[in-house]
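All you need for the numbering used here is the position in the sequence shown, starting with 1, plus 642.
Yeah, the Cβ is synthetic: ideal placement off N, Cα and C, and Gly gets one too.
Keep in mind that this is a model prediction, so the values were computed, not measured.
Worksheet: one structure, shown below.
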Amino acid sequence: MYKFIIRGGQPLSGDVFISGAKNAVLPIMAATLITPGHFILRNVPDLRDTRTMLKLLEIIGAKVNFSDGKMEIDSTTCSNPVAPYEVVKTMRASFDVLGPLSSRFRYAKVSLPGGCAWGPRPVDLHLKALKALGTEVTLEGGYIIVKGAASGAEINFELSSVGATKNALMAAVKAEGQTIIQNAAREPEITALIDFLNALGADISGQDSTRLCINGVKELKNELDFTIIPDRIEAGTFLITNLLLGGEIRLHNVNPEHLAIVLTKLQEAGSRLEITADSILSQGGPSIAPVNITTAPYPGFPTDLQAQWMALMSRAVGDSIIIDEIYHDRFTHVAELNRLGARIKLEQNVAVVEGVARLTGAPVMSTDIRASASLIIAGLAAAGETEVSRIYHIDRGYEKIETKLKNIGADISRVRG
Ligand code: EPZ
């Protein structure tokens, strides 16, 4: 086990090169299972989660190679349409292979994902979509079994779900006839998946909207070279960190359009930003204004930046309210932030953050990817030393985070412990 030792108070300065988006590459890796082919993915972040998905593709029978951000997947050798519990329990996104496997093999056996650090994460919408497409869906021994060929249908999601939209899309690309998905998620990672599938020969329209139309095709191409979009959550995490610590950093390899609401909120809170097509110059300080947020499906404020925003608001010159409408229980970071001197009160999914003049270092514990980021941010702002334990969580979703932070002046080191 490793932990981070952080000594707070250093202002940041320098350049940060943002990695490819974890939540875009994971479904695209799953999509390579839909058809036998040779795929090259570029700008792939080296994360625990991308390594876990690679392991799953190998279990299914693909041949894979991954180094220096370039991933090669040969899915011509796939023959085992099963995603075992041992893998799925370590990463929920493994469930993304359900649609691709049922499309390719007309049979899929995928373990139900468990809950996660902050509570149950149902998949009922994924299953409703697959049933609407005419497949037989059963639950046997903790595994979802999908049988039969999909045929075009109208799918109406009662709520916006990134995962269910992905599985419905991937199950429908080769289904007989036309599929309409109403109330589809429209996160940039969904648009990236659609771009990948269309480049492969699928016929999907409506991207960036909540209504998708998929005309089933008989065949897809058997090779593709595709570059992964930048990670908007990593970019938002660094911008929040810079406002909290004060200083000047420039983010490279970003797409500011994917962060519109976050940039607006950062400016309201005191960030000065210079934005180009693929970079953002951020100047922080001298103080942080309290700014309320409520999370919502894209283009709303992302739930994946809620914990990081809370760390920022803990040092605002006033009180703020943070509401998570996506995950009502995604607040395991509150108790840990309060150990660092924050004053946060939680009532169900509403956190009231009373800004304090200073945070003080202490040992704290990570519980999930974004809570870990929140604790690192707060530790960088706290006086004295902060120890963040169980940092395997952060390694799931941030590539070389301590190296990137050290390169801009942060005092952080990874030690055994
Ligand atoms: C994706 O998870 C992301 N993960 C999450 O990021 C992100 O927080 C989430 O979308 C919301 O933006 C990946 O892309 C790998 P959902 P997903 O289905 O697809 C409810 C991170 O830190 N729901 O959009 O699982 C669900 O409980 C991770 O990178 C159902 O009720 O999220 C939630 O309240 C954490 N039934 C809401 O919908 C379902 O069948 C949104 O979930 C599916 C979802």
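Limits of the unbroken alpha helix (DSSP H) element including A1023: Here residue 1023 refers to the residue found at position 381 when the sequence shown is read from its first residue. First-last of the alpha helix (DSSP H) with A1023: 1011 to 1023.
How many whole angstroms separate the CB atoms of A813 and G858, which I take to be in contact at a CB cut-off of 8 Å? In the sequence shown, residue 813 corresponds to position 171, counting from 1. In the sequence shown, residue 858 corresponds to position 216, counting from 1. In fact, because the Cβ distance is near 10 Å, the residues do not count as touching under 8 Å.
Quick one: which unbroken beta strand (DSSP E) runs of 3-plus residues sit fully inside the stretch 848 to 878? Chain order, please. 853 to 857, 865 to 869
Which residues in the same chain have their Cβ closer than 6 Å to the Cβ of Y749, if we skip the five residues on either side of it in sequence? As a first step, residue 749 is located in the sequence shown; it is residue number 107 there, counting from the start. Closer than 6 Å at the Cβ level, and outside the excluded window around Y749, lie P723, K789.
Determine, using beta carbons only, whether S929 and V904 come nearer to each other than 9 Å. Numbered from 1 along the sequence shown, position 287 holds the residue referred to as residue 929. Numbered from 1 along the sequence shown, position 262 holds the residue referred to as residue 904. No, these two residues do not count as a Cβ contact at 9 Å.
Between which two residues does the beta strand (DSSP E) harbouring V752 extend? Reading the sequence shown from its first residue, position 110 is the one you call residue 752. Per DSSP, V752 belongs to the beta strand (DSSP E) from 749 to 753.
Limits of the unbroken beta strand (DSSP E) element including M1007: By one-based count along the sequence shown, residue 1007 stands at place 365. M1007: member of the beta strand (DSSP E) spanning 1005 to 1007, first to last residue.
Grab me the residues of F622's own chain with a C-beta within less than 8 Å of its C-beta, minus the 5 sequence neighbours each way, in chain order. What is shown of the chain runs 643 to 1059, which leaves residue 622 out entirely.
Counting along the chain, where does the beta strand (DSSP E) carrying H975 start and finish? Taking the first residue of the sequence shown as 1, we reach residue 975 at position 333. Per DSSP, H975 belongs to no beta strand (DSSP E); it is in the alpha helix (DSSP H), 975 to 981.
Mapping the DSSP letters down to three states, classify G1039 as helix, strand or coil. Looking up residue 1039 in the sequence shown gives position 397. If DSSP states are grouped into helix, strand and coil, G1039 belongs with the helices.
In its own chain, which residues sit with a C-beta less than 6 Å from the C-beta of I822, not counting the 5 before and 5 after it? Taking the sequence shown and counting its residues from 1, the one referred to as residue 822 is at position 180. So the list reads E796, C855, once near-sequence residues are dropped.
What whole-angstrom Cβ distance do R684 and T869 have, given they're in contact under 8 Å? The residue labelled residue 684 in the question sits at position 42 within the sequence shown. The residue labelled residue 869 in the question sits at position 227 within the sequence shown. Contact flag correct, Cβ pair sits at about 4 Å.
Give a yes or no on whether the C-beta atoms belonging to I786 and V815 are separated by under 9 Å. The sequence position of residue 786 within the sequence shown is 144, counting from 1. The sequence position of residue 815 within the sequence shown is 173, counting from 1. In this structure, V815 does not lie closer than 9 Å to I786 by Cβ.
Name, in chain order, the residues that DSSP records as bridge partners for H894. The sequence position of residue 894 within the sequence shown is 252, counting from 1. In DSSP, H894 forms a bridge with F659, S921.
Check this for me: beta carbons of G656 and G1021, under 9 Å apart or not? Residue numbering aside, residue 656 sits at position 14 when the sequence shown is read from its first letter. Residue numbering aside, residue 1021 sits at position 379 when the sequence shown is read from its first letter. In this structure, the beta-carbon distance from G656 to G1021 does not fall below 9 Å.
Are the beta-carbon atoms belonging to V995 and P932 less than 9 Å from one another? For this step, residue 995 is matched to residue 353 along the sequence shown. For this step, residue 932 is matched to residue 290 along the sequence shown. Closer than 9 Å, so yes.
Are three or more beta carbon pairs between the stretch 796 to 811 and the stretch 768 to 776 nearer than 8 Å? yes
Contact belief for A1023 with G650 at Cβ below 8 Å, rounded distance in angstroms: Translated into the one-based positions of the sequence shown, residue 1023 becomes position 381. Translated into the one-based positions of the sequence shown, residue 650 becomes position 8. Between G650 and A1023 the Cβ distance is about 6 Å, and since that is below 8 Å, they are a contact.
Between which two residues does the alpha helix (DSSP H) carrying Y940 extend? Along the sequence shown, one-based indexing puts residue 940 at 298. Taken as a continuous stretch (DSSP letters only), Y940 belongs to no alpha helix (DSSP H), as it is neither H nor E.
DSSP beta-bridge partners of N707: For the purposes of this step, residue 707 is taken as the residue at position 65 of the sequence shown. In DSSP, N707 forms a bridge with E714.
Write down the C-beta distance between G1003 and G1026 rounded to the nearest angstrom, noting that I regard them as a contact closer than 8 Å. Working through the sequence shown from its first residue, we reach residue 1003 at position 361. Working through the sequence shown from its first residue, we reach residue 1026 at position 384. Going by Cβ atoms, the distance from G1003 to G1026 rounds to 3 Å, so yes, they are a contact pair.
Taking 8 Å as the cut-off, is the C-beta of V765 nearer than that to any heavy atom in the ligand EPZ? Translated into the one-based positions of the sequence shown, residue 765 becomes position 123. Answer for V765: yes, Cβ within range of the ligand EPZ.
How far does the beta strand (DSSP E) with R690 in it reach, from first residue to last? Translated into the one-based positions of the sequence shown, residue 690 becomes position 48. According to the DSSP assignment, R690 belongs to no beta strand (DSSP E) but to the alpha helix (DSSP H) extending over 690 to 702.
In angstroms, rounded to a whole number, what distance separates the CA positions of I871 and I836? Reading the sequence shown from its first residue, position 229 is the one you call residue 871. Reading the sequence shown from its first residue, position 194 is the one you call residue 836. Straight-line measurement puts the Cα of I836 at about 12 Å from the Cα of I871.
Do E1041 and the ligand EPZ come close, with the Cβ less than 8 Å from some heavy atom? As a working note, residue 1041 is residue 399 in the sequence shown. It does not: the Cβ of E1041 is nowhere closer than 8 Å to a heavy atom of the ligand EPZ.
List the whole-angstrom C-beta distance separating D971 from I682, where the pair is believed to meet the contact cut-off of C-beta under 8 Å. Translated into positions along the sequence shown, residue 971 becomes position 329. Translated into positions along the sequence shown, residue 682 becomes position 40. Between D971 and I682, the beta carbon gap of about 39 Å keeps them out of contact (Cβ cut-off 8 Å).
Within 10 angstroms of its Cβ, does T719 collect 16 or more other Cβ (buried), or is it exposed? Along the sequence shown, read from residue 1 onward, the residue named residue 719 stands at position 77. Exposed, because fewer than 16 other Cβ atoms sit within 10 Å of the Cβ of T719.
Pick from L698, F708, S744 that is closest to T732, judged by C-alpha positions: To locate residue 732, count along the sequence shown from 1; it is residue 90. Checked all of L698, F708, S744; the closest Cα to T732 is L698.
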